[in-house]
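Number of protein chains: 2
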Amino acid sequence: MAVNETKVARKRAWQGAIQDADDQFAMKRQVVLRTAAQIFSRRGFHQTTLSDIADELHIAKPTLYHYFKSKDEILLEVQQAAIQQMLEAPVDPKANGFEQIRGFFHRYVEMIVDDFGTCLIMTGVTPLEPGNRSLVRKGSKSIELILRDMLKRGVEDGSIAPVDPKIAAKFMFGALNWIPYWYRSDGDLDVEGLADRAIEFVMRGLLKAPG
Amino acid sequence: MAVNETKVARKRAWQGAIQDADDQFAMKRQVVLRTAAQIFSRRGFHQTTLSDIADELHIAKPTLYHYFKSKDEILLEVQQAAIQQMLEAPVDPKANGFEQIRGFFHRYVEMIVDDFGTCLIMTGVTPLEPGNRSLVRKGSKSIELILRDMLKRGVEDGSIAPVDPKIAAKFMFGALNWIPYWYRSDGDLDVEGLADRAIEFVMRGLLKAPG
DNA sequence: CGATTATTTGACTGTTTGGTCAGATTATCG
DNA sequence: CGATAATCTGACCAAACAGTCAAATAATCG
Numbered sequence: 003m004a005v006n007e008t009k010v011a012r013k014r015a016w017q018g019a020i021q022d023a024d025d026q027f028a029m030k031r032q033v034v035l036r037t038a039a040q041i042f043s044r045r046g047f048h049q050t051t052l053s054d055i056a057d058e059l060h061i062a063k064p065t066l067y068h069y070f071k072s073k074d075e076i077l078l079e080v081q082q083a084a085i086q087q088m089l090e091a092p093v094d095p096k097a098n099g100f101e102q103i104r105g106f107f108h109r110y111v112e113m114i115v116d117d118f119g120t121c122l123i124m125t126g127v128t129p130l131e132p133g134n135r136s137l138v139r140k141g142s143k144s145i146e147l148i149l150r151d152m153l154k155r156g157v158e159d160g161s162i163a164p165v166d167p168k169i170a171a172k173f174m175f176g177a178l179n180w181i182p183y184w185y186r187s188d189g190d191l192d193v194e195g196l197a198d199r200a201i202e203f204v205m206r207g208l209l210k211a212p213g
Numbered sequence: 003m004a005v006n007e008t009k010v011a012r013k014r015a016w017q018g019a020i021q022d023a024d025d026q027f028a029m030k031r032q033v034v035l036r037t038a039a040q041i042f043s044r045r046g047f048h049q050t051t052l053s054d055i056a057d058e059l060h061i062a063k064p065t066l067y068h069y070f071k072s073k074d075e076i077l078l079e080v081q082q083a084a085i086q087q088m089l090e091a092p093v094d095p096k097a098n099g100f101e102q103i104r105g106f107f108h109r110y111v112e113m114i115v116d117d118f119g120t121c122l123i124m125t126g127v128t129p130l131e132p133g134n135r136s137l138v139r140k141g142s143k144s145i146e147l148i149l150r151d152m153l154k155r156g157v158e159d160g161s162i163a164p165v166d167p168k169i170a171a172k173f174m175f176g177a178l179n180w181i182p183y184w185y186r187s188d189g190d191l192d193v194e195g196l197a198d199r200a201i202e203f204v205m206r207g208l209l210k211a212p213g
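If you read the protein sequences in the order shown, they are chains A and B.
To convert, count from 1 in the first sequence and add 2; that's the working numbering.
To convert, count from 1 in the second sequence and add 2; that's the working numbering.
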């Protein structure tokens with residue numbers, strides 16, 4: 003049963019059965035973050051108590067405070083992880099706009115179906131305290147600006163049709179950001195297939211010569 | 003100042019200055035729902051206290067319980083209102099799939115930029131208690147099925163390109179559902195303009211003969 | 001007017017839950 | 001082993017907040 007496998011894996015991860023891990027502390031933090039991200043996404047931030055997270059990990063609530071200073075910090079780190087995954091992705095500087103955009107969306111879909119990315123979208127930034135909220139907003143904005151620049155580049159180098167980068171980016175992100183609300187990775191469509199479909203849908207409007 | 007105008011209007015509405023209204027009770031309920039929807043969308047359901055809503059209306063918290071039996075019921079009615087707005091919209095049975103879809107999206111954009119629709123999307127159903135959550139999910143599903151049927155019709159009557167109605171609908175709704183997260187009706191783009199852009203983006207993938 | 005009903009509210013309660021803390025347990029290492 | 005540090009936890013606290021209730025006020029109507 004998949005559920006029990008997950009539980010076993012989680013317990014093993016927590017107890018440090020993975021021998022070659024050097025930094026237990028950092029590793030356990032990661033396990034907390036992943037678990038929290040999953041529960042936050044499923045039940046919502048405010049419907050999830052710290053005890054819920056602790057129970058899932060078979061530890062006591064105060065133990066969480068050994069690794070994080072607040073519930074808010076947990077959510078912040080989850081979301082920052084998702085954002086960083088996008089920001090540190092390499093971009094081929096030699097590719098034209100169209101190709102860069104396709105690569106960008108491929109990474110974006112992968113990011114967003116991951117626990118952290120899903121939590122970034124489904125939980126949103128509203129639960130965060132103002133300071134942290136601004137941080138995440140800033141990160142999200144950076145990601146958006148990357149796409150906008152690629153769109154501009156594509157229009158200029160003629161690899162895509164002339165579009166308003168601001169508006170186009172909004173609709174495109176919308177189509178992709180909604181994925182966590184309906185996509186289940188255990189269904190017919192695997193992540194690769196999803197990415198293909200998503201890219202096809204979202205980029206059709208960018209084609210110059212129709213086909 | 004727009005804010006103060008809103009406040010005055012709200013107070014007037016509450017106090018029943020609108021003379022020709024017959025049913026004060028029903029009217030005040032509506033005012034509560036609109037106000038709640040706005041605050042829920044802005045701050046999130048759990049960040050909004052009933053006192054917040056009451057304060058905005060210049061009434062006391064217990065007064066709200068004269069009109070609604072719980073916070074949950076308020077959210078439920080807000081979301082049901084949005085859904086009903088879509089479900090009761092007329093569909094031209096003589097139009098082909100393409101035209102029906104365009105009309106559908108136009109109404110959908112109007113619904114979603116409204117307080118109720120925005121709250122439906124931004125607050126989501128997770129805060130609702132299970133029974134009510136199912137109700138709203140069911141309504142949303144009905145809306146989705148309407149679009150799917152139109153897509154199927156369009157493919158069959160040849161007015162749109164052959165697409166998988168299920169997947170296409172998901173991406174299309176995504177692009178539109180994300181609107182509340184970025185669109186401000188007080189900016190350059192008015193609702194009509196937004197609807198045009200949205201429909202253009204979302205329907206480009208449905209065009210058979212390109213152009 | 002007086003009486004009946006609808007509307008409103010100040011004061012209160014019960015519960016939930018994020019967060020704390022002192023002490024227990026376990027691991028590390030000289 | 002013994003001591004020092006890291007990890008973990010049971011018991012507790014304080015604040016926030018949905019919801020209650022008895023009583024006050026306002027509206028309706030004979």
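In this text, a Cβ means the ideal position worked out from N, Cα and C, and glycines have one as well.
How about residue i: is its C-beta nearer than 8 Å to some C-beta of chain B?
i: A/PRO164; result: no
i: A/ASP159; result: no
i: A/TRP16; result: no
i: A/GLN49; result: yes
i: A/ILE148; result: no
i: A/GLY46; result: yes
i: A/ALA38; result: no
i: A/PHE173; result: yes
i: A/ALA23; result: Confidence in A/ALA23 is poor, its pLDDT being 49 and thus under 50, which makes the residue's placement too unreliable to answer from.
i: A/ILE114; result: no
i: A/ILE145; result: no
Are there 16 or more other CB atoms within 10 angstroms of the CB of residue i, so buried, or fewer, so exposed?
i: A/ALA23; result: Because A/ALA23 sits at a pLDDT of 49, beneath the cut-off of 50, its placement in the model cannot be relied upon, and the following sentence gives the value as read from the coordinates. It is exposed - the Cβ of A/ALA23 has fewer than 16 other Cβ atoms within 10 Å.
i: B/LEU147; result: exposed
i: A/TYR110; result: buried
i: A/PHE1; result: No statement about residue 1 of chain A is possible, as the shown extent of chain A runs from 3 to 213 and does not include it.
i: B/LYS172; result: buried
i: B/GLN49; result: exposed
i: B/ALA39; result: buried
i: B/LEU35; result: buried
i: A/GLU79; result: buried
i: B/GLY46; result: buried
i: B/PRO92; result: exposed
i: B/LYS73; result: buried
i: A/PRO164; result: exposed
Going by C-alpha distance, which of the options is nearest residue i?
i: A/GLY156; options: A/PHE118, A/HIS48 and A/ILE103; result: A/ILE103
i: A/ILE181; options: A/GLY195, A/ILE169 and A/LYS168; result: A/GLY195
i: B/GLN86; options: B/GLN26, B/LYS143 and B/ALA170; result: B/LYS143
i: A/ILE201; options: A/TRP16, A/VAL165 and A/GLY105; result: A/GLY105
i: A/TRP16; options: A/GLY46, A/LEU59 and A/GLN40; result: A/LEU59
i: A/LEU153; options: A/VAL204, A/PRO92 and A/ASP190; result: A/VAL204
i: B/ALA197; options: B/LEU208, B/LYS210 and B/ALA177; result: B/ALA177
i: B/GLY160; options: B/GLU101, B/THR128 and B/ASP54; result: B/GLU101
i: A/TYR69; options: A/GLN26, A/MET124 and A/ALA170; result: A/GLN26
i: B/ALA108; options: B/ARG199, B/LEU209 and B/GLY207; result: The residue asked about is misnamed: residue 108 of chain B is His in this sequence, not Ala. Comparing Cα-Cα distances from B/HIS108 to each of B/ARG199, B/LEU209 and B/GLY207, the minimum goes to B/ARG199.
i: B/ARG186; options: B/VAL138, B/ARG44 and B/ARG31; result: B/ARG44
i: A/ILE169; options: B/LEU191, B/ASP151 and B/PRO164; result: B/LEU191
i: A/VAL193; options: A/LYS63, A/ALA84 and A/GLU112; result: A/GLU112
i: A/ILE114; options: A/ILE76, A/ASN98, A/GLN81 and A/GLU131; result: A/GLN81
i: B/VAL127; options: B/THR120, B/ASP117, B/ARG139 and B/ALA163; result: B/ARG139
i: B/ARG31; options: B/LEU66, B/LEU209, B/ASP166 and B/THR51; result: B/LEU66
With 8 Å set as the bound, which would you pick, yes or no: does the beta-carbon of residue i sit closer than that to a beta-carbon of chain A?
i: B/ASN98; result: no
i: B/ALA200; result: yes
i: B/GLY119; result: no
i: B/ALA177; result: yes
i: B/PHE203; result: yes
i: B/ARG206; result: yes
i: B/GLU194; result: no
i: B/ILE55; result: no
i: B/ILE61; result: no
i: B/ILE41; result: no
i: B/ILE85; result: no
i: B/ILE103; result: no
What residue range does the alpha helix (DSSP H) around residue i cover?
i: B/ARG64; result: It is Pro, not Arg, that sits at residue 64 of chain B in the sequence shown. Here the alpha helix (DSSP H) through B/PRO64 covers 63 to 69.
i: A/ARG104; result: 99 to 115
i: A/ASP198; result: 193 to 205
i: A/ARG186; result: That residue, A/ARG186, is in no alpha helix (DSSP H); it is neither H nor E in DSSP.
i: B/GLN49; result: B/GLN49 -> no alpha helix (DSSP H), and no H or E assigned at all.
i: B/THR37; result: 26 to 45
- request: Below 7 Å between beta carbons is the criterion; list the residues of the segment 121 to 133 of chain B that meet it against any residue of chain A, in chain order.
  value: Taking 7 Å as the Cβ-Cβ cut-off against chain A, the residues of the segment 121 to 133 of chain B that qualify are THR128 and PRO129.
query: Between the segment 68 to 79 of chain B and chain A, which residues of the former have CB atoms less than 8 Å from a CB of the latter, in chain order?
result: Answer in chain order: no residues at all.
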